[in-house]
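K.L.:
Under my numbering, the residues of the sequence shown are numbered 5 to 347, in order. Just so you know, even glycine gets a beta-carbon here, dropped at the ideal spot from N, CA and C.
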Amino acid sequence: MIPKKNRRKITKVIFILSALSSFVSCHRATSSHQEMIDILQKLDKRNNSIGNAFRAEGKIAYCDSLLKLPGNEHNTTILLKKAQLLLQSGQEQKSVDIYKDISKRMDSTHLHNMLPGMALAYMRLGERNNCMLNHNGSSCIFPIKNEGVHKIKTGSQKAIEIYEEILKDNPDDLQSKWLLNIAFMTLGRYPKDVPKQLLIPNMGADTAYKVKPFTDMANDLGLDINGEAGGVIIDDFNNDGYLDIITSGWDLNDPMHYFQNNQDGTFSDLTEKSGLKGITGGLNIQQTDYNNDGNLDIFILRGAWNTHGFGNLPSSLLKNNGDGTFTDVRIVFLTPYADCSMG
Numbered sequence: 005m006i007p008k009k010n011r012r013k014i015t016k017v018i019f020i021l022s023a024l025s026s027f028v029s030c031h032r033a034t035s036s037h038q039e040m041i042d043i044l045q046k047l048d049k050r051n052n053s054i055g056n057a058f059r060a061e062g063k064i065a066y067c068d069s070l071l072k073l074p075g076n077e078h079n080t081t082i083l084l085k086k087a088q089l090l091l092q093s094g095q096e097q098k099s100v101d102i103y104k105d106i107s108k109r110m111d112s113t114h115l116h117n118m119l120p121g122m123a124l125a126y127m128r129l130g131e132r133n134n135c136m137l138n139h140n141g142s143s144c145i146f147p148i149k150n151e152g153v154h155k156i157k158t159g160s161q162k163a164i165e166i167y168e169e170i171l172k173d174n175p176d177d178l179q180s181k182w183l184l185n186i187a188f189m190t191l192g193r194y195p196k197d198v199p200k201q202l203l204i205p206n207m208g209a210d211t212a213y214k215v216k217p218f219t220d221m222a223n224d225l226g227l228d229i230n231g232e233a234g235g236v237i238i239d240d241f242n243n244d245g246y247l248d249i250i251t252s253g254w255d256l257n258d259p260m261h262y263f264q265n266n267q268d269g270t271f272s273d274l275t276e277k278s279g280l281k282g283i284t285g286g287l288n289i290q291q292t293d294y295n296n297d298g299n300l301d302i303f304i305l306r307g308a309w310n311t312h313g314f315g316n317l318p319s320s321l322l323k324n325n326g327d328g329t330f331t332d333v334r335i336v337f338l339t340p341y342a343d344c345s346m347g
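(1) Suppose the cutoff is 7 Å on Cβ atoms and the five residues either side in sequence are ignored; what does the same chain contact list for Leu119 look like?
(2) Taking its Cβ as the centre, do 16 or more other Cβ atoms sit within 10 Å of His37, making it buried, or is it exposed?
(3) Just to confirm, are Gly250 and Ile229 a CB contact at a threshold of 8 Å?
(4) Suppose you measure from the CA of Asn117 to the CA of Ile82; what does that come to, to the nearest Å?
(5) Under a three-way DSSP split, which group does His261 fall into?
(6) Opposite Leu4 in the DSSP bridges: which residues?
(7) Whose CA, out of Lys149, Leu115, Ser143, lies closest to the CA of Asp173?
(8) Assuming Ser143 and Asn134 make a contact with CB atoms under 8 Å, what is their CB distance in whole Å?
(9) Where do the N-terminal and C-terminal ends of the alpha helix (DSSP H) with Asp224 fall, by residue?
(10) Of all the beta strand (DSSP E) runs that stay within the bounds of the stretch 223-294, which reach a length of 3 or more residues?
(11) Out of Asp239, Leu225, Lys149, Met221, point me to the one whose CA is closest to Pro195's CA.
(12) Can you tell which of Asn51, Arg128, Gly328, Ala163 has its C-alpha closest to the C-alpha of Gln264?
(13) Let me check understanding here. Comparing Cα to Cα, which of Gly130, Phe330, Leu137, Glu151 lies closest to Leu183?
(14) If you drop the 5 nearest sequence neighbours on each side, which residues of the same chain put their C-beta closer than 6 Å to that of Gly307?
(15) If you draw a straight line from the C-alpha of Gly313 to the C-alpha of Lys214, how long is it?
(16) Return the CA-CA distance between Gly141 and Phe218, expressed in angstroms with no decimal places.
(17) With a Cβ-Cβ cutoff of 8 Å, do Arg59 and Glu96 count as a contact?
(18) Let me make sure I understand the geometry here. Which of Asp273, Ile156, Met122, Gly121 has the alpha-carbon closest to that of Met136?
(19) How big is the Cα-Cα spacing for Val153 and Phe146?
(20) Pull up the CB-CB distance for Asn258 and Gly235, whole angstroms please, since I reckon it's below 8 Å.
(21) Less than 6 Å between C-beta atoms, sequence neighbours within five positions excluded: which residues of the same chain meet that for Arg32?
(22) What do you reckon, are the CB atoms on Gln267 and Tyr294 nearer than 8 Å?
(23) Tell me, please, whether the stretch 41-56 touches the stretch 280-296 by the rule of three or more beta-carbon pairs shorter than 8 Å.
(24) Can you tell me where the alpha helix (DSSP H) holding Cys67 begins and where it ends?
(25) Give every residue of the same chain whose Cβ lies closer than 8 Å to the Cβ of Gln88, excluding the five residues on either side of it in the sequence, and list them in chain order.
(26) Let me make sure I understand the geometry here. Which of Ala222, Met189, Met221 has the alpha-carbon closest to that of Ala209?
(27) Please say whether Asp255 and Glu232 have beta carbons closer to each other than 8 Å?
(28) Who are the Cβ neighbours of Asn52 in its own chain at under 7 Å, not counting the five residues just before and after it?
(29) Could you give the distance in angstroms between the alpha-carbon of Ile186 and the alpha-carbon of Ala123?
(30) Compute the beta-carbon to beta-carbon distance between Gln161 and Leu203, rounded to the nearest angstrom, for a pair I have assumed lies under 8 Å.
(31) Run through DSSP, which three-state label would Cys144 get?
(32) From which residue to which residue does the alpha helix (DSSP H) around Gln99 run?
Shown next, in the form of C-alpha cells:
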C-alpha cells in the first residue's frame, strides 16, 4: 500500500503531466520557432487596430475610411487629424503635404491654429532627411554643429518661417521660441541670424563640467540600423572571446539584430543566418544560460507598456544552439492572444 504522503506526490505529478500533455498537444502542428513567428505576425496585425494608443496605422486607416464618404473628401477636421497621425507614424512628407493643401483654403483664424502642427511636421521632415537618411557621427548631437548641420535645408527653413509667424502674435510662446532657435541651429545660423527679440542666448555654450565628447561610430562599425529603441545585449554569444551585440525594438514589427564581432573592431549583421529574422518586438532583452550548456541564450519581454489588452503579448526564450543560430523554445504563458487560441 502506498503511504499517504507519497500518494499526494503522485497526484501532483499526474496533474503536472496532464497539464503538460494538454500544452504539448496544443502546439504539435508546427515547430516552436516558426509558431512564435506566426503568432507575432498575427499580433502585429491586431495591434494596428484603432484602439491601440501606441500605433497610428489603425487610426490613419479609419481617417481614410471617413474621407471616402460622400462630401467628406476635404473635411478639414479629419485631414488635420490624419496629418497628426502620419507624423506619429514617421510619414513626415505625407503629413506636410496635407498641411500645405489645407493651408491654401483656410481663413486666417483657423490657419493660425494649424500653424504649430505644420511647423512641427517641417521640423520632423528636416530631421528625417538629415539625421536619419543622411546620418553621420555628428547627427542629432546637441548643440548641433559641424557635420550635424543639415545639408537638406527645406524642412528647417519652412519651420522658421512658420514659427516667426506664430511668434508675431504670441511672443511669449516659449515652445515655439525654443524650436525656432533649434531650427536656426540645424542650419548653422544660430545665434547670428535669430531675430534679437526671439533669441534664446547661450544654447550652444559648453556645460560647466567638461567631458570628452563621444563619437558616433555606428556607421563605421556596421551597426547603423533604424528602429524604435528596445533592448541591447553586449556579450560573447559564440564563445570566441569577443563581445557580440544583439538588439531588439519595442514595436512588434521591429526586427531583432545579431551583430557578430569580426575580431577586428567591426561587426557583421548575421540576423538572418542566426534564425532571428521574424522574431520581432521586445522592449527588454537579457542574456541567460538557462540550460547550463555554456552558450548564452536570450530572454525577450514584450508588451508591458501597452494598455487595453494590447500588452498581452508572449515572451520568448531563444535557445543558443551553439552553432551561430537561435531557436525560440516557446516558454510562453498561454494568453487569449497567443498559443492555442491563435489557431
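P.N.:
Taking the coordinates as given:
(1) The residue given as residue 119 occupies position 115 in the sequence shown. Around Leu119: Ile166, Glu169, Ile170.
(2) In the sequence shown, the residue the question calls residue 37 occupies position 33. Buried: at least 16 other Cβ atoms inside 10 Å.
(3) Here residue 250 refers to the residue found at position 246 of the sequence shown. Here residue 229 refers to the residue found at position 225 of the sequence shown. Rather than Gly, the amino acid found at residue 250 in this sequence is Ile. No, Cβ-Cβ distance for Ile250 and Ile229 is not below 8 Å.
(4) By one-based count along the sequence shown, residue 117 stands at place 113. By one-based count along the sequence shown, residue 82 stands at place 78. Roughly 15 Å separates the two Cα atoms.
(5) Here residue 261 corresponds to residue number 257 of the sequence shown, with the count starting at 1. His261: strand per DSSP, three-state reduction.
(6) Nothing about residue 4 can be reported from this structure: the residues present for the chain run from 5 to 347 only.
(7) By one-based count along the sequence shown, residue 173 stands at place 169. Of the listed residues, the one whose Cα sits closest to Asp173 is Leu115.
(8) For the purposes of this step, residue 143 is taken as residue 139 along the sequence shown, with counting starting at 1. For the purposes of this step, residue 134 is taken as residue 130 along the sequence shown, with counting starting at 1. Ser143 to Asn134, Cβ: 7 Å. Contact.
(9) Here the question's residue 224 lines up with position 220 in the sequence shown. That run of the alpha helix (DSSP H) goes 222-225.
(10) 233-239, 248-253, 261-265, 271-273, 288-292
(11) For the purposes of this step, residue 195 is identified with residue 191 of the sequence shown, where counting begins at 1. Comparing Cα-Cα distances from Pro195 to each of Asp239, Leu225, Lys149, Met221, the minimum goes to Lys149.
(12) For the purposes of this step, residue 264 is identified with residue 260 of the sequence shown, where counting begins at 1. The shortest Cα separation from Gln264 among Asn51, Arg128, Gly328, Ala163 belongs to Gly328.
(13) Here residue 183 refers to the residue found at position 179 of the sequence shown. Ranking the options by Cα distance to Leu183, first place goes to Gly130.
(14) Taking the sequence shown and counting its residues from 1, one reaches residue 307 at position 303. Here the set comprises Gly315, Leu317.
(15) By one-based count along the sequence shown, residue 313 stands at place 309. By one-based count along the sequence shown, residue 214 stands at place 210. Rounded to whole angstroms, Gly313 to Lys214 spans 47 Å at the Cα level.
(16) Start at 1 with the first residue of the sequence shown, and residue 141 comes out as number 137. Start at 1 with the first residue of the sequence shown, and residue 218 comes out as number 214. Those two C-alpha atoms are separated by around 9 Å.
(17) Residue numbering aside, residue 59 sits at position 55 when the sequence shown is read from its first letter. Residue numbering aside, residue 96 sits at position 92 when the sequence shown is read from its first letter. No; because the gap between Cβ atoms is not below 8 Å, this pair is not in contact.
(18) What you label residue 136 is simply residue 132 of the sequence shown in a count that begins at 1. Minimum Cα distance to Met136 is reached at Ile156.
(19) The residue you call residue 153 lines up with position 149 of the sequence shown. The residue you call residue 146 lines up with position 142 of the sequence shown. Whole-angstrom Cα-Cα distance: 11 Å.
(20) Sequence index remark: in the sequence shown, residue 258 carries index 254 (1-based). Sequence index remark: in the sequence shown, residue 235 carries index 231 (1-based). The amino acid occupying residue 258 in the given sequence is Asp; Asn does not appear at that position. In fact, because the Cβ distance is near 11 Å, the residues do not count as touching under 8 Å.
(21) Counted from its first residue, the sequence shown places residue 32 at position 28. Because Arg32 carries a pLDDT of 42, less than 50, the predicted location of this residue cannot be relied on, and the following value inherits that uncertainty. Same-chain partners within the cutoff: there are none.
(22) As a working note, residue 267 is residue 263 in the sequence shown. As a working note, residue 294 is residue 290 in the sequence shown. Cβ atoms of Gln267 and Tyr294: not closer than 8 Å.
(23) yes
(24) One-based indexing of the sequence shown puts residue 67 at position 63. 61-71 is the extent of the alpha helix (DSSP H) around Cys67.
(25) Position 84 of the sequence shown, counting from 1, holds the residue named residue 88. Closer than 8 Å at the Cβ level, and outside the excluded window around Gln88, lie Ser99, Gly121.
(26) Numbered from its first residue, the sequence shown carries residue 209 at position 205. Considering only alpha carbons, the answer is Met189.
(27) Within the sequence shown, residue 232 is the residue found at index 228, counting from 1. Within the sequence shown, residue 255 is the residue found at index 251, counting from 1. In contact: Glu232 and Asp255 (Cβ atoms closer than 8 Å).
(28) Stepping through the sequence shown from its first residue, residue 52 is reached at position 48. For Asn52, where only same-chain residues beyond five positions count, the Cβ hits under 7 Å are Arg59, Glu61, Gly62.
(29) The residue given as residue 186 occupies position 182 in the sequence shown. The residue given as residue 123 occupies position 119 in the sequence shown. Ile186 and Ala123: Cα-Cα distance of roughly 12 Å.
(30) The count along the sequence shown starts at 1 and reaches residue 161 at position 157. The count along the sequence shown starts at 1 and reaches residue 203 at position 199. 18 Å between Cβ atoms; not a contact.
(31) Counting from one through the sequence shown, the residue named residue 144 turns up at place 140. Three-state result, Cys144: coil.
(32) As a working note, residue 99 is residue 95 in the sequence shown. According to the sequence displayed, residue 99 carries Ser and not Gln. From DSSP, the alpha helix (DSSP H) with Ser99 extends over 96-107.
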